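Offset between the sequence shown (1-based) and our numbering: plus 1.
Just so it is clear, CB atoms sit at the ideal spot from N, CA and C, and this is done for glycine as well.
Fair warning: this is a prediction, and the values are worked out from it, not measured in the lab.
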Amino acid sequence: MLKSFDTHVRPDRAKDEYDASYILSLILDVGEEMLTCGAEINRVEDSIYRMLTSYGYRKVNVFAIPEYISVSIVDYTGKILTQSRRIYKFSNDFYRLEQLNELSRHTCSHNPSVTELYNRLENMDSVFYAKNTSLIALAHFLGGAGFCIFLGGDIGDGFAAGVVALIFLAMGRFSKVQNLNKIFYTALSALLGGLAAIILSHFGIGAHVDKIMIGDIMLLIPGMALTTAIRDMLCGDLIAGILRFLESVMVAGAIALGYAIPIYLLGGMLS
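This is the structure:
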């Protein structure tokens, strides 16, 4: 779950309502949040470029990779301005991404002032997940159970897979776990998921531990990241695409390692 962003530059010290450095900073905030929410590189670069050119800035250059964004412009006075962002958090928050896309379109068509743009960012609804915990929990449960049954498990296996999916959700709710390296976090999730699947099967909740594991593995597979990586490469963003592709491969390896450990250690419980 993404927390509310509170790092936007306040417009109090802006020279005027269209101070180029503040406009650039806030638009870069929009791009940063889009990338954090799971947008592809091409969309982030294009959105930032369109927003800045709509204000009349010249020589707008945007460079983005999954962990970094850099933007330079030439303002009305001919002054060159350059700002950058280092990206640390990643998620797939399409609810917030939809709001950011709407803000991007509004910015291009209306050129809001520094104060208006700041207020729109600050007032953006970012608590969807906090307000809908039960809905998100149900989605996780049905996702794990659905994949398990679809791949050959029975109702009992599906229930067990749903319980393991809730364990994944619970892990994501702890802030300390959220700050872990993505690859290590995935390996830890797979490890706990494998342990839970074996233990549940041992106590009669689900008869086919392999089907339970496969159902939950589907929740961890970085399919969206891999698809985005291929799209980035096809769009010409080779660096971003290769980085995301390598990360996807390493995440897949972490899933395999995480599930292999409990199978090796608790193999006797499977018989």
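- Task: Report yes or no: is there a C-beta of chain C within less than 8 Å of the C-beta of leucine 139?
- Result: This model lacks chain C altogether, as it is built from one protein chain only.
- For leucine 136, collect the residues of the same chain with a Cβ closer than 7 Å to its Cβ; drop the 5 residues on either side in sequence, then sort them by chain order. none
- Query: Taking all protein chains shown into account, do 16 or more other C-beta atoms lie within 10 angstroms of the C-beta of serine 5, making it buried, or fewer, making it exposed?
  - Reply: Model confidence at serine 5 stands at a pLDDT of 42, short of 50, so the residue's coordinates are unreliable and nothing is read from them.
- What are the start and end residues of each continuous alpha helix (DSSP H) run of 4 or more residues lying completely inside the region 191-268, in chain order? 210-221, 224-235, 239-266
- Message: So, at 6 Å on beta carbons, what are the nonlocal neighbours of serine 85 in its own chain, with the 5 sequence-adjacent residues on each side left out?
- Response: Ser71
- Message: Just verifying my parser: in three-state terms, what is the DSSP assignment at asparagine 62?
- Response: strand
- Query: Which residues mark the beginning and the end of the alpha helix (DSSP H) in which isoleucine 42 is found?
  - Reply: 42-55
- From leucine 258 to serine 249, what does the alpha carbon distance come to, in whole angstroms? 14 Å
- Over the uninterrupted beta strand (DSSP E) stretch that includes isoleucine 81, give me the two end residues. Taken as a continuous stretch (DSSP letters only), the beta strand (DSSP E) holding isoleucine 81 covers 81-87.
- Query: Expressed to the nearest angstrom, what Euclidean distance is found between the alpha-carbon atoms of tyrosine 23 and alanine 226?
  - Reply: 32 Å
- Beta bridge counterpart(s) of serine 73 as assigned by DSSP: Asn62, Thr83
- Query: Using DSSP with H/G/I as helix, E/B as strand and the rest coil, what is alanine 166?
  - Reply: helix
- Task: Return the chain-ordered list of same chain residues with a C-beta closer than 8 Å to the C-beta of isoleucine 213, the five sequence neighbours on each side being excluded.
- Result: Cys149, Gly154, Asp158, Ala161, Ala162, Val165, Ala198, Leu201, Ser202, Gly207
- Message: Which of the three DSSP states is assigned to glycine 32 in this structure?
- Response: helix
- Length-filtered (4 minimum) alpha helix (DSSP H) runs lying within the region 98-130: 115-123
- Item | Through-space distance from tyrosine 56 to aspartate 76, alpha-carbon basis | 9 Å
- Message: Just to confirm my understanding: we take histidine 209, look at its own chain, exclude 5 residues before and 5 after, and list those with CB closer than 8 Å. What are they?
- Response: Gly153, Gly154, Asp155, Asp158, Ser202
- On a CA-only basis, which of Ile243, Ala255, Ala261 is nearest proline 67? Give me that one, please. Ile243
- Item | Euclidean distance between Cα positions of serine 48 and glutamate 34 | In this structure, the CA atom of serine 48 is about 12 Å from the CA atom of glutamate 34.
- Item | Spatial distance of asparagine 102 from asparagine 62 (CA atoms) | Whole-angstrom Cα-Cα distance: 20 Å.
- Query: Under three-state DSSP, which class holds tyrosine 19?
  - Reply: If DSSP states are grouped into helix, strand and coil, tyrosine 19 belongs with coil.
- Message: For threonine 78, report the span of its alpha helix (DSSP H) as first-last.
- Response: Here threonine 78 belongs to no alpha helix (DSSP H), and DSSP marks it neither H nor E.
- Message: Can you give me the C-alpha to C-alpha distance between tyrosine 19 and tyrosine 58, rounded to a whole angstrom?
- Response: Cα-Cα distance, rounded: 12 Å.
- Counting only the same chain and skipping the five closest in sequence on each side, list residues whose C-beta sits under 7 Å from that of phenylalanine 142. Only Gly163, Ala166, Leu167 meet the Cβ criterion.
- Item | N- and C-terminal bounds of the alpha helix (DSSP H) containing glycine 154 | Note, glycine 154: premise wrong, no alpha helix (DSSP H); not H, not E.
- Per-residue DSSP class, three states only, for serine 26: helix
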